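Novice: What follows is a structure written as structure tokens; I'll ask about it next.
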Amino acid sequence: MNAVIPHAETRPASPAGTLRTTGPWRVRAAGPALERTAGAVRELLAPHLPGGPDGAPRELVIGLDDEASTPPLGIAPAGGERPVDEGYRLRVDTDGITCLARTPEGAFRGATTAVQLIATSRASGELPFQELTDAPRYAWRGLMVDPARTFLTPDELRRIIDLAALYKLNVLHLHLTDNEGWRIQLPGTPGLTAPGAEFYTAADYRALQEYAARRFVTVVPEIDLPGHCATLRDAVPGLPPAPAPAGLAGRFPFVPPLDLTDGATRAAVTRILADVCALTDGPYVHIGADEAFGATPESFEDSVRELRAIVRSLGKHPVAWQESARAGVEPGDITQYWVDVAMMDLPDTADELAARPELVAAGRTLEIIGALKTFFAPTDEDLRRTVEGGGRVLLSPQSHLYLDRPYAAQFAPPEQADEAARLGFDGYRPLGVRHTARWDPGAYAIPDACVAGVEATVFAERFAGFDDVSVLLLPRLASVAEAAWCGRAPRWAEYRERLARHGRLWTDRDLPYFASTEVPWR
435 MNAVIPHAET RPASPAGTLR TTGPWRVRAA GPALERTAGA VRELLAPHLP GGPDGAPREL
495 VIGLDDEAST PPLGIAPAGG ERPVDEGYRL RVDTDGITCL ARTPEGAFRG ATTAVQLIAT
555 SRASGELPFQ ELTDAPRYAW RGLMVDPART FLTPDELRRI IDLAALYKLN VLHLHLTDNE
615 GWRIQLPGTP GLTAPGAEFY TAADYRALQE YAARRFVTVV PEIDLPGHCA TLRDAVPGLP
675 PAPAPAGLAG RFPFVPPLDL TDGATRAAVT RILADVCALT DGPYVHIGAD EAFGATPESF
735 EDSVRELRAI VRSLGKHPVA WQESARAGVE PGDITQYWVD VAMMDLPDTA DELAARPELV
795 AAGRTLEIIG ALKTFFAPTD EDLRRTVEGG GRVLLSPQSH LYLDRPYAAQ FAPPEQADEA
855 ARLGFDGYRP LGVRHTARWD PGAYAIPDAC VAGVEATVFA ERFAGFDDVS VLLLPRLASV
915 AEAAWCGRAP RWAEYRERLA RHGRLWTDRD LPYFASTEVP WR
């Protein structure tokens with residue numbers, strides 16, 4: 435009956451009929467409380483319309499009612515003791531499309547469904563009369579992008595926010611710092627953003643948050659420490675390295691992590707995080723805490739505890755990658771789970787390494803791989819540590835939700851063969867779109883009270899700009915959004931038919947995508 439992603443429960447309306455969707459539309463708020471929301475909906479709908487007068491005969495109306503939806507699981511990214519009600523009711527009839535919800539957030543989510551209905555019905559030009567009832571399973575539904583390694587302009591980030599909002603995601607996690615770059619200007623440490631570098635000014639960052647908030651998307655900044663710190667070391671020279679494991683000092687091919695127990699280091703990092711927290715509207719700041727290669731376990735754990743304490747003292751809640759669980763977990767801590775079984779699919783012998791050309795091409799030796807295995811070995815217990823400590827798990831498993839994974843060559847249309855070979859992190863096995871769509875967020879047996887939500891990621895080691903990001907995200911982001919909203923993997927045979935009609939939506943928005951041969955694009 436429709437091609438909506440995420441899937442929504444749909445039934446035919448009575449009386450039966452069809453609504454013409456071609457031509458101009460008018461978005462109308464049913465009350466003053468939704469005028470601002472209606473403005474954001476108009477902006478989202480505009481790329482899918484030919485234009486026309488405000489008095490168009492078809493209307494998309496958003497309004498409020500008192501009907502409550504089942505509360506979602508997880509953490510409210512915008513703050514609050516309980517997640518906001520994002521459920522909605524939508525009706526297509528002879529007058530147009532009406533969306534009703536208990537909250538402005540819910541009305542907006544319903545309106546994004548309406549935008550999809552209009553955009554994906556353009557081939558036929560009509561929609562059957564229908565009624566939809568919908569609400570999310572998880573409260574935190576995020577996307578992480580990596581401007582630290584490949585800069586994305588503020589306008590490009592706004593396009594990503596629009597894409598996320600169209601698929602009912604509500605968090606934009608910005609990986610702002612890494613060895614390759616520092617992308618946010620901070621008054622207390624001006625050397626972090628050198629003249630001529632690409633970065634976001636304080637005004638850029640505030641404007642981006644305002645834009646996201648109008649679409650009910652919360653921005654979560656990440657300052658990745660104590661590892662991934664080359665740019666900070668360049669800006670603040672003289673900070674000592676963290677104590678290294680025996681035999682690895684000066685030999686591991688990564689930048690030495692910071693030691694937050696050192697007074698000068700702690701003061702420099704506190705100054706940085708104070709500026710970030712002051713600039714950030716939302717309640718969460720991500721402290722990184724992943725891949726601190728070259729630090730002893732004790733040093734890493736001490737640094738994580740210091741980072742959490744600094745963020746809390748500044749009035750924000752820390753989020754960290756799953757390795758942070760080794761430093762202990764308290765109720766309210768959020769750990770982002772990414773190292774699942776497939777991440778440890780690493781060779782033990784020279785013959786096994788030779789059979790993994792993606793690892794050879796990445797310069798991985800058996801010595802480096804052995805050290806990586808030693809570092810990652812404790813990750814098998816990170817979920818247990820988080821749950822037993824009363825923390826929350828944010829699901830981002832590398833095996834399915836790292837969208838910088840290369841596309842498998844056998845699914846590339848001829849015109850995208852070179853693109854498929856070029857894009858994606860070369861340490862991951864190339865796979866298809868169906869692989870991502872198989873992911874089931876309920877497969878981890880995590881108690882409901884310990885779930886934060888779901889977040890896809892796209893790291894930027896192997897791409898060059900916005901178009902590359904778009905191709906890596908699309909079409910895979912759509913199935914992640916469905917799993918996060920519906921709480922289960924989509925049924926592939928039915929899902930691919932819906933997905934096939936979204937290529938036109940992306941084309942309307944000038945978003946390049948990978949036209950996988952797994953999908954019968956229309």
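In this note's numbering, each number is its position in the sequence shown, counted from 1, plus 434. Using N, Cα and C, we set each Cβ at its ideal position, and we do this for glycine too. None of the values given here were measured: they were computed from a predicted structure.
#1: On the DSSP bridge assignment, give the partners of residue 890 in chain order.
#2: Evaluate residue 756 with the Cβ neighbour count: other Cβ atoms within 10 Å of its Cβ, from every protein chain shown; 16 or more gives buried, anything less gives exposed.
#3: If we count Cβ pairs, one from each stretch, closer than 8 Å, do we get three or more for the stretch 653 to 660 versus the stretch 702 to 717?
#4: Which ranges does the beta strand (DSSP E) cover as unbroken runs of at least 3 residues, wholly within the stretch 466 to 517, from first to last along the chain?
#5: With a Cβ-Cβ cutoff of 8 Å, do residue 519 and residue 546 count as a contact?
#6: Are the beta-carbon atoms belonging to residue 692 and residue 737 less than 8 Å from one another?
#7: Under the rule that 16 or more other beta-carbon atoms within 10 Å means buried, what is residue 770, buried or exposed?
#8: In chain order, which continuous runs of the beta strand (DSSP E) of length 3 or greater are located wholly inside the stretch 610 to 662?
#9: Which residue from 557, 713, 912 puts its Cα closest to that of residue 926?
#10: From residue 786 to residue 587, what distance separates their C-alpha atoms?
#11: Measure the alpha-carbon distance for residue 447 versus residue 531 and round it to whole angstroms.
#12: Note the first and the last residue of the continuous alpha helix (DSSP H) segment covering residue 600.
#13: What is the rounded straight-line gap between the Cα of residue 457 and the Cα of residue 611?
#14: Classify residue 945: buried if its beta carbon has 16 or more other beta carbons within 10 angstroms, exposed otherwise.
#15: If you run the structure through DSSP and keep just helix, strand and coil, what is residue 836?
#16: Can you tell me which residues form a DSSP beta bridge with residue 754?
#17: Can you check whether the CB of residue 463 is closer than 8 Å to the CB of residue 474?
#18: Ends of the alpha helix (DSSP H) at residue 697?
#19: To the nearest whole angstrom, what separates the beta carbons of residue 949 and residue 847, a pair I think is in contact under 8 Å?
#20: Give every residue of the same chain whose Cβ lies closer than 6 Å to the Cβ of residue 937, excluding the five residues on either side of it in the sequence, and list them in chain order.
#21: Restricting to runs no shorter than 4 residues, where is the alpha helix (DSSP H) found entirely within the stretch 854 to 912?
#22: Taking the alpha carbon of residue 527 as the point to measure from, which residue in 904, 807, 495 has its own alpha carbon closest?
#23: Go to residue 929, then tell me how far its alpha helix (DSSP H) extends in each direction, as first and last residue.
#24: Report, in whole angstroms, the separation of the C-beta atoms of residue 549 and residue 626, which I expect to be a contact under 8 Å.
Specialist: Quick look at the numbers:
#1: 577
#2: buried
#3: yes
#4: 492 to 498
#5: no
#6: yes
#7: buried
#8: 652 to 659
#9: 912
#10: 41 Å
#11: 12 Å
#12: 588 to 600
#13: 45 Å
#14: buried
#15: strand
#16: 769
#17: no
#18: 697 to 713
#19: 5 Å
#20: 955
#21: 867 to 871, 900 to 907
#22: 495
#23: 926 to 933
#24: Not quite, the Cβ-Cβ distance comes to about 39 Å (not below 8 Å), so this is no contact.
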